[in-house]
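With the working numbering as the guide, the letters of the sequence shown map in order to residues 855 to 1151. Where a beta carbon is used, it is the ideal one built from N, C-alpha and C, also for glycine.
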Amino acid sequence: MNKWTKTATTLLALGVMTSTVPTDTFAGATQAPTQHTQTQEDAKYVKQLGEQNITSVSWYQNSAEAKALYAQGYNSAKEALSKKIKQHKGGKKLAIVLDIDETVLDNSPYQAASALKGQSYPTGWHEWVKSAQAKPVYGAKDFLTYADKHNVEIFYVSDRSHEKDLNATIKNLKKEKLPQADKKHVLLKKESDKSKSERRDKVRTDYNLVMLFGDNLLDFDEPKAATQKSREELVRQHEDDFGSKYIIFPNPMYGSWEATLYNNDYGMSAKQKVEKRKQSLKYFDMKTNKVKTYQGE
Ligand SMILES: [Mg+2]
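Following this line, the structure appears as structure tokens:
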């Protein structure tokens, strides 16, 4: 497994590093002045990264447009699935695979806490999962109920931890009356698992897997490399699948798209991440009347 795959499949990260040095350390005369300055500076950028995500989380939680995009995705899904049901002439039973986070369940309250506190995944994540308070995203319950009623097998394939999160995840799905929420259908990431593709292949062994749902390209297929270019190439390859075989949902809060901004290195400093975010932008330069890539101050 390459570094990127590992990062992309194991992190929900906001890309924010938490300062590990307690502030009261700085009061001690033994602390070297240079370290004092560096840590204070890093804390400033950690806060900045968190605050930059507030707008994304607010859009996700408050815009009617976000709900409309989920409606659009699940409406298209229902239309596509109904055709596949009509065309199904026996053989393997039909199945669909859905990611869980930001595809079926809305974890934005966790993302909001991270943004407000300047914390990063996994701080607080398992506590959030354990609380089983995530609500379904708009349209998910209606669509899944439809699939269930039409005898379609529903698999929830998520990189939540099998060891830590399975019981709470099933509890949350059941609480929201989402169908087929049991150990057979909720396939979380075991420590030995490398990527979601293995779990998808396992479903394909016994079922006719006709549709995939996610908020990350990795919920559908794996790009050749962990670069923006390769990810866009994968979209081009599957252009005709989106809206029928592949249903994708909006997530401006986190994802593999963000990891590519950091060259898939979430370990870089908060200051570097802030800079990388800026460098990803193309902006209009009024002096030259041209669109340019940001190169730094
Ligand atoms: Mg997801």
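{"query": "Among A918, N1070, H1016, nearest to M1107 - alpha-carbon criterion", "result": "N1070"}
{"query": "Residues that L948 bridges to, as DSSP identifies them", "result": "N1062"}
{"query": "E956: CB within 7 Å of a non-hydrogen atom of ligand 1", "result": "yes"}
{"query": "Cα-Cα separation, H1153 to D896", "result": "The displayed coordinates of the chain run from 855 to 1151. Any statement about residue 1153 would go beyond what the structure contains."}
{"query": "Beta-ladder partner(s) of G1068, from DSSP", "result": "I1102"}
{"query": "Option in Y1061, L1115, K1037 with minimal Cα separation from L1135", "result": "L1115"}
{"query": "Under the three-state DSSP convention, the category Y928 falls into", "result": "helix"}
{"query": "Whole runs of the beta strand (DSSP E) within the segment 1076-1102, excluding any shorter than 3 residues", "result": "1100-1102"}
{"query": "Whole-angstrom C-beta distance between Q1133 and Y1148, which should lie under 8 Å", "result": "5 Å"}
{"query": "Cβ contact (3+ pairs, closer than 8 Å) linking the segment 925-935 and the segment 992-1012", "result": "yes"}
{"query": "Span of the alpha helix (DSSP H) around L970", "result": "962-971"}
{"query": "Sequence-distant residues of its chain with Cβ nearer than 6 Å to V1011 (five each side left out)", "result": "V951, L1041, K1050, R1053"}
{"query": "contact_flag[the segment 966-978, the segment 1087-1101] where n(CB pairs < 8 Å) is 3 or more", "result": "no"}
{"query": "Cross-strand partners of I1008 (DSSP beta bridge)", "result": "I950"}
{"query": "Length of the line joining the Cα atoms of I939 and H1004", "result": "8 Å"}
{"query": "Per-residue DSSP class, three states only, for T1147", "result": "strand"}
{"query": "Rounded C-alpha distance that separates K860 from K1141", "result": "Residue confidence for K860 is low, a pLDDT of 36 falling below 50, so the modelled location carries little weight; the figure read from the coordinates is stated next. So the two alpha carbons sit approximately 43 Å from each other."}
{"query": "Contacts around V983, its chain only, beta-carbon distance under 8 Å, and the 5 residues preceding and following it disregarded", "result": "R1014, K1018, D1019, A1022, T1023, N1026"}
{"query": "Local conformation of T859 per DSSP, three classes", "result": "Reliability fails at T859, whose pLDDT of 37 lies under 50, so the model's placement of it is uncertain and no value is given."}
{"query": "Cβ-Cβ distance between A931 and I1101 below 8 Å", "result": "yes"}
{"query": "Cβ shell of V1145 (< 6 Å), same chain only, five flanking positions each side left out", "result": "K1136, F1138"}
{"query": "For H980 and N1105, the rounded distance between their alpha carbons", "result": "20 Å"}
{"query": "Cβ-based neighbour list, K1044, same chain, cut-off 6 Å, excluding 5 preceding and 5 following", "result": "H1016"}
{"query": "Runs of alpha helix (DSSP H) lying entirely within the segment 1113-1144, each at least 4 residues, in chain order", "result": "1124-1133"}
{"query": "Proximity test, D1055 beta-carbon vs ligand 1 heavy atom, cut-off 7 Å", "result": "no"}
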